[in-house]
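Participant:
Number of protein chains: 2
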Amino acid sequence: MYDTLLRRLNQLVLLTPPQQRSLCKALQVVEHPKDEVLLEAGQVSNHIYFMTEGILRASHQHEEKDVTRWFCFEGHFAAAHFSFVYRQPSEDRLVLVTDSKLLALSHTALQQLSDQDPVWIDLNRHLLEHYYTTSLERVLDFQTRSAPERYQRLLEARPDIETKVPLGHLASFLGMSQETLSRLRRKRKKQQQVPKNAKPNSKN
Amino acid sequence: MYDTLLRRLNQLVLLTPPQQRSLCKALQVVEHPKDEVLLEAGQVSNHIYFMTEGILRASHQHEEKDVTRWFCFEGHFAAAHFSFVYRQPSEDRLVLVTDSKLLALSHTALQQLSDQDPVWIDLNRHLLEHYYTTSLERVLDFQTRSAPERYQRLLEARPDIETKVPLGHLASFLGMSQETLSRLRRKRKKQQQVPKNAKPNSKN
DNA sequence: AACCATCTTTGATTTAAATCAAAAAAACAG
DNA sequence: CTGTTTTTTTGATTTAAATCAAAGATGGTT
Numbered sequence: 005m006y007d008t009l010l011r012r013l014n015q016l017v018l019l020t021p022p023q024q025r026s027l028c029k030a031l032q033v034v035e036h037p038k039d040e041v042l043l044e045a046g047q048v049s050n051h052i053y054f055m056t057e058g059i060l061r062a063s064h065q066h067e068e069k070d071v072t073r074w075f076c077f078e079g080h081f082a083a084a085h086f087s088f089v090y091r092q093p094s095e096d097r098l099v100l101v102t103d104s105k106l107l108a109l110s111h112t113a114l115q116q117l118s119d120q121d122p123v124w125i126d127l128n129r130h131l132l133e134h135y136y137t138t139s140l141e142r143v144l145d146f147q148t149r150s151a152p153e154r155y156q157r158l159l160e161a162r163p164d165i166e167t168k169v170p171l172g173h174l175a176s177f178l179g180m181s182q183e184t185l186s187r188l189r190r191k192r193k194k195q196q197q198v199p200k201n202a203k204p205n206s207k208n
Numbered sequence: 005m006y007d008t009l010l011r012r013l014n015q016l017v018l019l020t021p022p023q024q025r026s027l028c029k030a031l032q033v034v035e036h037p038k039d040e041v042l043l044e045a046g047q048v049s050n051h052i053y054f055m056t057e058g059i060l061r062a063s064h065q066h067e068e069k070d071v072t073r074w075f076c077f078e079g080h081f082a083a084a085h086f087s088f089v090y091r092q093p094s095e096d097r098l099v100l101v102t103d104s105k106l107l108a109l110s111h112t113a114l115q116q117l118s119d120q121d122p123v124w125i126d127l128n129r130h131l132l133e134h135y136y137t138t139s140l141e142r143v144l145d146f147q148t149r150s151a152p153e154r155y156q157r158l159l160e161a162r163p164d165i166e167t168k169v170p171l172g173h174l175a176s177f178l179g180m181s182q183e184t185l186s187r188l189r190r191k192r193k194k195q196q197q198v199p200k201n202a203k204p205n206s207k208n
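Chains P and Y, in that order, give the protein sequences. Numbering follows my numbering, in which position 86 of the first sequence is assigned residue number 90; successive positions increment by one, without gaps. Numbering follows my numbering, in which position 113 of the second sequence is assigned residue number 117; successive positions increment by one, without gaps.
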C-alpha cells in the first residue's frame with residue numbers, strides 16, 4: 005500500500021523502520037473518482053497528498069478561463085503549498101484528472117511528526133527544493149522555447165500525458181491555445197508516420 | 005551595516021539578540037563593482053548572498069544567447085540554490101548589474117549555524133517558500149499574460165528596474181526580444197505624455 | 001441506438017511578436 | 001574632445017500563434 009511512497013522518500017532521506025511506521029500511521033488512504041475536487045479555491049488547504057495512482061491538477065481561474073498551473077503524477081506530492089503552510093485561502097482548486105488513489109497527510113499530523121523528529125523537516129525541505137527547481141526550469145522553458153519545443157520537452161518528460169490528460173488542460177499548462185496544441189499534435193503524427201526512411205520515395 | 009538584513013529577517017522569524025549576533029559574525033561583508041562575476045557557470049556555489057545595495061542577476065547560456073533567469077534586488081537573498089545545496093556545478097553565472105554591497109554566508113558557516121540552532125533551518129525554509137512562490141507566480145504570468153502585460157506587472161512590482169537594468173537583460177528576463185521591449189517602452193512613454201486630460205485638444 | 005454535451009480538429013483570418021537590417025544614442029577609453 | 005564600442009531605437013518584413021467560426025469526434029446517458 006505504501007510502497008510507492010516509501011520508495012520515493014528513500015531517494016531523498018534515509019528512513020528507519022520506526023520512522024516509516026509512524027509516517028504510515030499518520031497517513032489516510034483515500035480514493036476518489038475522476039473530476040473530484042480535493043480543494044476549492046478560497047479554502048485553506050489542510051492536506052498534502054501523495055499520488056499513489058492517478059493524476060491531479062491545480063486549476064486557476066484567470067479572466068473566465070481555467071488555467072492548469074501544474075499536474076501531479078503518480079509518485080509525486082501535491083499541495084496548495086502556500087495555503088497549507090501559511091493557512092491562507094488557496095488561489096487554486098485541486099481537481100483529479102483521473103480516478104486516483106492518494107495518501108493524505110493532514111496539517112496537524114505533519115506538525116506532530118515534525119515536532120517529534122527533525123527528519124520530517126528535512127524531508128519537507130528536500131521536496132520543497134525539488135519542486136522549486138522544477139518551477140525554475142519551467143520559467144526557463146517559457147523564456148527560451150517556442151510552443152512546439154515546450155510541448156516536445158513535456159512529452160519527453162512524460163510521454164503518457166498525451167493520452168491521459170485532456171488537450172485543453174495541457175494547452176493551458178503549456179501556455180498556448182487549444183488549437184495550437186491540436187495542430188502540434190497533427191504535425192507530430194505526420195512525422196511519425198514515416199518514421200525512419202521506410203521508403204525514400206513513395207512513388208517508386 | 006547589518007540593519008537591512010536584520011529588518012528583513014525579522015519579517016520571517018523572530019531572532020533573539022544572541023542569534024542576531026552569531027549570524028552577523030558568520031557573515032562576510034563584501035563590495036564589488038558592476039559586472040563582477042560572483043559565480044561562474046560550472047562552479048559549485050559556496051555562498052548565499054544578501055544584497056545590501058545593488059542588483060545581481062543570474063545569467064544562463066542558451067544557444068549562444070544570454071538569458072537572465074532572475075534578478076536580485078536590495079533586501080533580498082541570492083544564490084545558485086541547487087548548486088549551493090547539492091554541491092553540484094551551477095548552470096548559471098551570478099553577475100552584478102550595478103556596483104554592490106553584499107553580505108556573504110558560506111556553506112560551512114550556514115552548516116554550523118544550522119547545527120547549533122534550528123531557527124536557521126526554519127529561516128531557510130521560509131526563504132525557500134518565498135522564492136518558490138515567486139517562481140510559481142512567474143510561471144502563471146507566462147501562461148496567462150502577453151508581453152506588454154508582463155512588462156507592466158514587472159514595473160508595478162519594481163518601478164526602478166527600468167533605469168537600473170540594461171534593456172537586453174530585462175527583455176530576456178521577460179521572455180521577449182529586445183526590440184519588442186524597446187517598443188513597449190515607447191508606447192508607455194507616449195501614454196504618459198498626455199497623462200490626465202491636460203489638454204483635451206492640443207489645437208485649441 | 002439515438003441524443004446530448006463536451007472535447008478536438010480544421011480552416012480562414014487577424015494579431016502579436018520575432019527577425020533582419022540599419023540608424024541613433026549612450027557609454028567608455030584614450 | 002574624439003573615435004570606438006555597446007546599447008537602444010526604429011522601420012520593414014516574416015513568422016508564430018491567437019482568435020473566430022464551424023465541423024467532427026468522442027463519451028456518456030437514457
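Note that CB positions come from ideal geometry on N, CA and C, so glycine has one too. Since we're looking at a predicted model, the values are computed, not measured.
#1: Which full runs of the alpha helix (DSSP H) of 4+ residues lie inside the segment 57-120 of chain P, going along the chain?
#2: Give me the residue from Asp119(Y), Leu127(Y), His66(Y) with the minimum Cα distance to Phe177(Y).
#3: My output table needs one value for Gln32(Y): the three-state DSSP class, helix, strand or coil.
#4: Compare the C-beta of Ser49(Y) against all C-beta atoms of chain P and say whether one is closer than 8 Å.
#5: Inspect the beta-carbon positions of Val34(Y) and Arg61(Y) and report whether they are closer than 8 Å.
#6: Would you verify that the beta carbon of Ala202(Y) is, or is not, closer than 8 Å to some beta carbon of chain P?
#7: Given that Ile52(Y) touches chain P, what residues does it touch there, using C-beta distances under 9 Å?
#8: When DSSP labels each residue in this structure, what does Val123(Y) get in the three-state scheme?
#9: By the criterion of Cβ-Cβ separation under 7 Å, what are the contact partners of His66(P) in chain Y?
#10: From the DSSP output, which residues share a beta bridge with His51(P)?
#11: So, is Asn205(Y) buried or exposed, given that buried needs 16 or more other C-beta atoms within 10 angstroms?
#12: Judging by CA-CA distance, which residue of Leu19(Y), Asp96(Y), Leu171(Y) is the nearest neighbour of Asp121(Y)?
#13: Between which two residues does the alpha helix (DSSP H) harbouring Leu10(P) extend?
#14: At 7 Å on the CB atoms, spell out the chain Y contacts of Phe86(P), in chain order.
#15: Could you say which of Gln196(P), Gln115(P), Thr102(P) lies nearest to Glu40(P) if we only look at CA atoms?
#16: Taking 8 Å as the CB-CB limit, is Leu140(Y) close to chain P?
#17: Residues bridged to Val41(Y) by DSSP?
#18: Round the Cβ separation of Leu10(P) and Leu107(P) to the nearest angstrom and send it over; I've been treating them as touching at under 8 Å.
#19: Can you give the Cα-Cα distance for Arg4(Y) and Arg192(P), rounded to whole angstroms?
#20: Between the beta-carbon of Ser139(Y) and the beta-carbon of Ser87(Y), is there less than 8 Å?
#21: From Glu183(P) to Leu158(P), what does the alpha carbon distance come to, in whole angstroms?
#22: Going by DSSP in three states, Gln196(P) sits in which element: helix, strand or coil?
#23: If you measure beta-carbon to beta-carbon, which residues of the segment 152-186 of chain Y are closer than 7 Å to chain P?
#24: Looking at chain Y, which residues of the segment 114-137 of chain P have a Cβ within less than 8 Å of any of its Cβ atoms?
#25: In or out: Thr72(Y) buried (at least 16 other Cβ within 10 Å) or exposed?
#26: Over the uninterrupted alpha helix (DSSP H) stretch that includes Arg162(Y), give me the two end residues.
#27: From Tyr135(P) to Leu188(P), what distance separates their C-alpha atoms?
#28: Whose Cβ in chain P lies nearer than 7 Å to the Cβ of Leu188(Y)?
#29: Determine the chain Y residues that contact Arg73(P) at a beta-carbon separation under 9 Å, and present them in chain order.
#30: Is it right to say Tyr90(P) is buried, meaning 16 or more other beta carbons lie within 10 angstroms of its own, or is it exposed?
#31: Measure the CB-CB distance between Phe77(Y) and Leu131(Y) and report whether it falls below 8 Å.
#32: Quick one: grab the DSSP three-state call for Arg189(Y).
#33: May I ask you to list, following chain order, the residues of the segment 88-108 of chain P that have a beta carbon less than 7 Å from some beta carbon of chain Y?
Facilitator: Checking against the coordinates, here is how it stands:
#1: 85-90, 111-120
#2: His66(Y)
#3: strand
#4: no
#5: no
#6: With a pLDDT of only 49 at Ala202(Y), under 50, the local geometry of the prediction cannot be trusted, and no value is derived from it.
#7: None at all; the shortest Cβ gap to chain P is about 14 Å.
#8: helix
#9: Thr148
#10: Ser110(P)
#11: Residue placement at Asn205(Y) cannot be trusted, given a pLDDT of 46 that sits under 50; what the coordinates show is reported in the next sentence. Exposed: under 16 other Cβ atoms inside 10 Å.
#12: Leu19(Y)
#13: 7-14
#14: Thr137
#15: Thr102(P)
#16: yes
#17: Val99(Y)
#18: Contact doesn't hold; Cβ gap of about 11 Å is too wide.
#19: This structure does not reach residue 4(Y), given that chain Y is present from 5 up to 208, and the question cannot be answered.
#20: no
#21: 17 Å
#22: helix
#23: Ser176, Gly179
#24: Pro122, Ile125, Asn128, Arg129, Leu132, Glu133, Tyr135, Tyr136, Thr137
#25: buried
#26: Taken as a continuous stretch (DSSP letters only), Arg162(Y) belongs to no alpha helix (DSSP H), as it is neither H nor E.
#27: 28 Å
#28: Simply none; closest approach about 16 Å.
#29: Leu140, Val143, Leu144, Gln147
#30: exposed
#31: no
#32: helix
#33: Val89
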